[in-house]
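Here's the structure we're looking at; comments come further down.
2 protein chains.
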Amino acid sequence: MRYTLAVLVENKPGVLARVAGLFARRGYNIDSLAVGVTDNPEISRMTIVVRGDEKVIEQVIKQLNKLVDVIKISMLSEKESVERSLALFKVSADSKTRPTIMQIVDIFRAKIIDVGSKSLIIEITGDEDKINAMERLLRSYGILEVCRTGKIAMNRGLKSVSYEK
Amino acid sequence: MRYTLAVLVENKPGVLARVAGLFARRGYNIDSLAVGVTDNPEISRMTIVVRGDEKVIEQVIKQLNKLVDVIKISMLSEKESVERSLALFKVSADSKTRPTIMQIVDIFRAKIIDVGSKSLIIEITGDEDKINAMERLLRSYGILEVCRTGKIAMNRGLKSVSYEK
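Protein chains in written order, with the working numbering: chain D, 966 to 1130; chain P, 966 to 1130.
And the structure:
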C-alpha cells in the first residue's frame, strides 16, 4: 500500500535532512517527497508518499512525531483528497511534428512554455497517471529532458491540515 | 545570490538523506528542494535552490560531486531557463465571494479543482512571484490551507541536463 502523509515542520536548516535521515536509517522507502513553504514563513509543509503495510506506517508516524521540528502529521486518504504534481518535458519538435504535439498538449490541458527551432518545453499538472500517460505519448517524438516535482495533496472540503494560528 | 542546481542522482533509498545531510552539516541553506523521477526510472532529478556567494556554491558542487549517487550537476542560469512551481490553496468561499474569487483564478490562469459549500481548492503553476502575488490577493478571503512544491527548472532550447543514455 502507498500512504500519503502531510507533515508540517518548522522551517529551519537541517529539518529536511533529519526527516529524510529517519526514513533512510529505518529502511523505509520514500516514493516521493515534496516540500514548500506555507502561508506562515516559519512553517514548511512536506508531502511524503511511503510504501509499506499499516504497521510500517504507524511506526513512521510515531518516529516522525518524536522529531522536535515536526509540528503535525496527517495521513491523507486518496478518496477524500486532491493530489497533483507538476512536470516539465522537453521534446524534440520541428515545424513538421509541432502541430501534432500541440494537439497532445491541448488534450491534456497542458501548456507550451518554451519554443525553440528544434524543441519545445511542455508544462503539465495532474495526478501521476495523467502525467505518465502524456509522457508515454510524447516518447515517440523524442523526450530530451524531464523534470518532475513530488506529489502534493490536500483534503477536499473544510478538513484542513493546519497549525494553531 | 540564489543559485539553482539541477542534480541527477541514482534513484536509491537514502540518496535524499545524503544530499540533504551534506547541506545541513555544512550549514548551507537550502531555499527549496524538489525531487522527482526522470524518464529513466533508475534516475531521479533534484532541483535545489541555494543561497550564498560564489565560493559557497563552488564548495557545494564540489561536495555533491563526491557523493557516489550523484551522476551530474548543472547550474541553471535564471535568464536561460524556465522555472515553475505548483501550489494548492484552500480558500474560504461561499456563494457571495465565489464569483470574485473565480475572477482572480481566471486572471492568474489558475484552476479550481475542488468546490465545497464553504471552500474552494485552487491549483496554480508559475514562478514564485506569480504564486506569491495570487496568495496575497486570496488572503482577504481567508486562506485555510497552503501546499506548495519546490521549484523545478530547465534550460530553454536544446541545452539539456541529461545522462548518457
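Even for Gly, the Cβ is constructed at its ideal location relative to N, Cα and C.
Item: Closer than 8 Å, CB to CB, is D/K1083 near chain P or not?; Value: yes
Item: If I measure Cβ to Cβ from P/P1006 and keep anything under 6 Å in the same chain, skipping five residues before and after, which residues do I get?; Value: none
Item: For chain P, is any of its Cβ atoms less than 8 Å away from the one on D/S1125?; Value: yes
Item: Run the proximity test for P/K1083: is its beta-carbon closer than 7 Å to any non-hydrogen atom belonging to the ligand ADP?; Value: Although the ligand ADP was asked about, the structure shown includes no ligands whatsoever.
Item: Based on the DSSP output, what are the partners of P/M1040 in its beta bridges?; Value: P/L970
Item: To the nearest angstrom, how far is the alpha carbon of P/V1056 from that of D/R1101?; Value: 35 Å
Item: Give me the Cα-Cα distance between D/R1121 and P/L1053, rounded to the nearest whole angstrom.; Value: 11 Å
Item: Give a yes or no on whether the minimum CB-CB distance between D/T1003 and chain P is below 8 Å.; Value: yes
Item: For a contact defined as C-beta to C-beta under 9 Å, what are the partners of D/V1033 on chain P?; Value: Within 9 Å Cβ-Cβ: nothing; D/V1033 doesn't reach chain P, min ~15 Å.
Item: Label P/Y1128 either buried or exposed according to how many other C-beta atoms from any shown protein chain fall within 10 Å of its C-beta, with 16 as the threshold for buried.; Value: exposed
Item: Considering only residues of the same chain and omitting the five flanking positions on each side of P/K1037, which have a CB-CB separation below 7 Å?; Value: L973, V1126 and Y1128
Item: Leaving out five residues before and five after P/Q1028 in sequence, what residues of the same chain have Cβ atoms less than 6 Å from its Cβ?; Value: L987
Item: Would the beta-carbon of D/L1041 fall within 8 Å of that of D/T1090?; Value: no
Item: List, in chain order, every chain D residue whose beta-carbon is nearer than 9 Å to that of P/E1149.; Value: In this structure chain P extends from 966 to 1130, so residue 1149 of chain P is not present and cannot be described.
Item: From what residue to what residue does the beta strand (DSSP E) around P/K1076 run?; Value: K1076 to V1080
Item: Based on the DSSP secondary-structure assignment, which residues constitute the bridge partners of D/E1110?; Value: D/K1055
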